[in-house]
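Trainee: Quick note on this note's numbering: the sequence shown kicks off at 2 and runs consecutively.
Backbone N, C-alpha and C fix where the C-beta goes; we use that ideal spot for every residue, glycine too.
Sharing a structure below in structure tokens format, with a few things to ask.
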Amino acid sequence: MKLGVNIDHVATIREARGTSYPSIIEAATRAEKAGADSITLHLREDRRHMQDIDLYELKPLLKTKMNLELAPTEEMIQIALDVLPEDVCLVPERREERTTEGGLDLINNFNSIKKVCNQLTDGGIRVSLFIAPDQAQIEKAILMKVPVIEIHTGHYADCIGLDEQNRELKKIINAITHANQSGIIVNAGHGLHYKNVQQIASISNIDELNIGHAIVSRAIFEGWEVAVKEMKGIIMECAHK
Ligand code: PXP
2 MKLGVNIDHV
12 ATIREARGTS
22 YPSIIEAATR
32 AEKAGADSIT
42 LHLREDRRHM
52 QDIDLYELKP
62 LLKTKMNLEL
72 APTEEMIQIA
82 LDVLPEDVCL
92 VPERREERTT
102 EGGLDLINNF
112 NSIKKVCNQL
122 TDGGIRVSLF
132 IAPDQAQIEK
142 AILMKVPVIE
152 IHTGHYADCI
162 GLDEQNRELK
172 KIINAITHAN
182 QSGIIVNAGH
192 GLHYKNVQQI
202 ASISNIDELN
212 IGHAIVSRAI
222 FEGWEVAVKE
232 MKGIIMECAH
242 K
């Protein structure tokens, strides 16, 4: 099972101050050195974290591959066709949401999403659809003949109590089995962290997990003392001159 590291929230910190740091290029290249199998980023319509230029700067520097998350809009399709990431994962997007809160509705948007998939596929990009672990959505993905889907694990991550979590896990396993039987590659992600990823990582036939927020959050504290000590060291050195 591969790990796609989502670096959006490195850009969230950068955008909070409008600085050039922390560098998303450094985040991506260091993630690759640490074992990431792909780098995931989401260009949102409101550009709250990644900016267009980030995609262009990052693409030629990646040693693994770029998995670009996008809403299925004409503007985003044109950007994808220009940047040419290896993968595009189509996601639903609402401006007021904090993060991608659900999967695509393939039932009500079948034709429009199919059209977007065709445009991207014709441009040489592998398309993935971010969908809930719901049999009706899987059926539509099969009908659409997409090569990859990503199962939304957000509800699993939000479950309170083991019973609820096991029910959601069963839905995820059934959805993966169904998609696999039709030859679709299955990824999964959203809301996974160091204490809930184990059950998902134990499911066979998931190709890749995409994880962001938990890794960025953990990285803050893994480097916290180093960062404080270094700043304190500089100040002390200057103060004694
Ligand atoms: N997969 C998809 C399609 C997403 O939209 C996101 C969030 O941007 C993730 C995975 C990663 O989610 P998290 O940041 O909660 O790990």
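1) Starting from L56 and walking both ways along the alpha helix (DSSP H), at which residues does that stretch end?
2) Just to confirm, is the Cβ distance from S129 to E151 under 7 Å?
3) So, H43 versus G104, is the Cβ gap smaller than 7 Å?
4) So, are the CB atoms of R127 and D88 less than 7 Å apart?
5) Return the residue from the list I8, M2, K3 that minimises the CA-CA distance to A215.
6) Just to check, is the beta-carbon of V117 closer than 6 Å to a non-hydrogen atom of the ligand PXP?
7) Check whether the stretch 109-123 and the stretch 156-167 touch, using three or more Cβ-Cβ pairs below 8 Å as the test.
8) Considering only C-alpha positions, which residue in the set E231, D164, T20, R31 is nearest to V217?
9) What residues in its chain sit with their C-beta under 6 Å from that of K242, if we drop five residues either side in the sequence?
10) Who are the Cβ neighbours of F222 in its own chain at under 8 Å, not counting the five residues just before and after it?
11) Cβ of I204 versus every heavy atom of the ligand PXP: is any distance shorter than 6 Å?
12) Is H214 a contact residue of the ligand PXP, with contact defined as CB to any heavy atom under 6 Å?
13) What's the gap between the Cα of N211 and the Cα of T65?
14) Using only the heavy atoms of the ligand PXP, determine whether one of them is closer than 6 Å to the beta carbon of F131.
15) Would you list the one or two residues that DSSP bridges to N188?
16) Could you please give the first and the last residue of the uninterrupted beta strand (DSSP E) stretch that includes R127?
17) Taking I207 as the reference, which of R219, G190, Y195 has the closest Cα?
18) So what's K196 in DSSP terms, helix, strand or just coil?
19) Counting along the chain, where does the alpha helix (DSSP H) carrying T122 start and finish?
20) Taking 6 Å as the line, does the beta carbon of G190 fall inside it for any heavy atom of the ligand PXP?
21) Please indicate yes or no: does the CB of T101 lie closer than 6 Å to some heavy atom of the ligand PXP?
22) Helix, strand or coil, according to DSSP, for H40 in the structure here?
23) Give the DSSP bridge partners of V89, in chain order.
24) Please go through the same chain and pick out, in chain order, the residues whose beta-carbon is closer than 8 Å to the beta-carbon of S205, but skip the five residues on each side of it.
Mentor: Let me lay it out:
1) Note, L56: alpha helix (DSSP H), 53-59.
2) With respect to E151, S129 sits close: the two C-beta atoms are nearer than 7 Å.
3) Cβ atoms of H43 and G104: not closer than 7 Å.
4) For R127 and D88, yes; Cβs fall inside 7 Å.
5) Selected option, being the one with the closest Cα: I8.
6) V117 has its Cβ no nearer than 6 Å to any heavy atom of the ligand PXP.
7) Result no; under three Cβ-Cβ pairs closer than 8 Å.
8) Out of E231, D164, T20, R31, R31 has the C-alpha closest to the C-alpha of V217.
9) The same chain holds no residue with a CB closer than 6 Å to that of K242 once the five nearest residues on each side in sequence are set aside.
10) Taking C-beta separations shorter than 8 Å and ignoring five residues to either side along the sequence, F222 has no partners in its chain.
11) No, the beta carbon of I204 sits no closer than 6 Å to any heavy atom of the ligand PXP.
12) Distances taken from the Cβ of H214 to the heavy atoms of the ligand PXP include one shorter than 6 Å.
13) If I take the Cα positions, the gap works out to 14 Å.
14) Yes, the Cβ of F131 comes within 6 Å of a heavy atom of the ligand PXP.
15) Answer is E151, E209.
16) Per DSSP, R127 belongs to the beta strand (DSSP E) from 127-132.
17) Nearest C-alpha to I207 among R219, G190, Y195: G190.
18) In the structure shown, K196 sits in coil (DSSP, three-state: anything other than H, G, I, E or B).
19) 111-123 is the extent of the alpha helix (DSSP H) around T122.
20) Checking every heavy atom of the ligand PXP against the Cβ of G190, one is found closer than 6 Å.
21) Yes; taking the cut-off as 6 Å, the Cβ of T101 has a heavy atom of the ligand PXP nearer than that.
22) Per the sequence shown, the amino acid found at residue 40 is Ile instead of His. Reduced to three states, the DSSP call for I40 is strand.
23) Its beta-bridge partners are L69, V128.
24) Correct list: empty, nothing qualifies.
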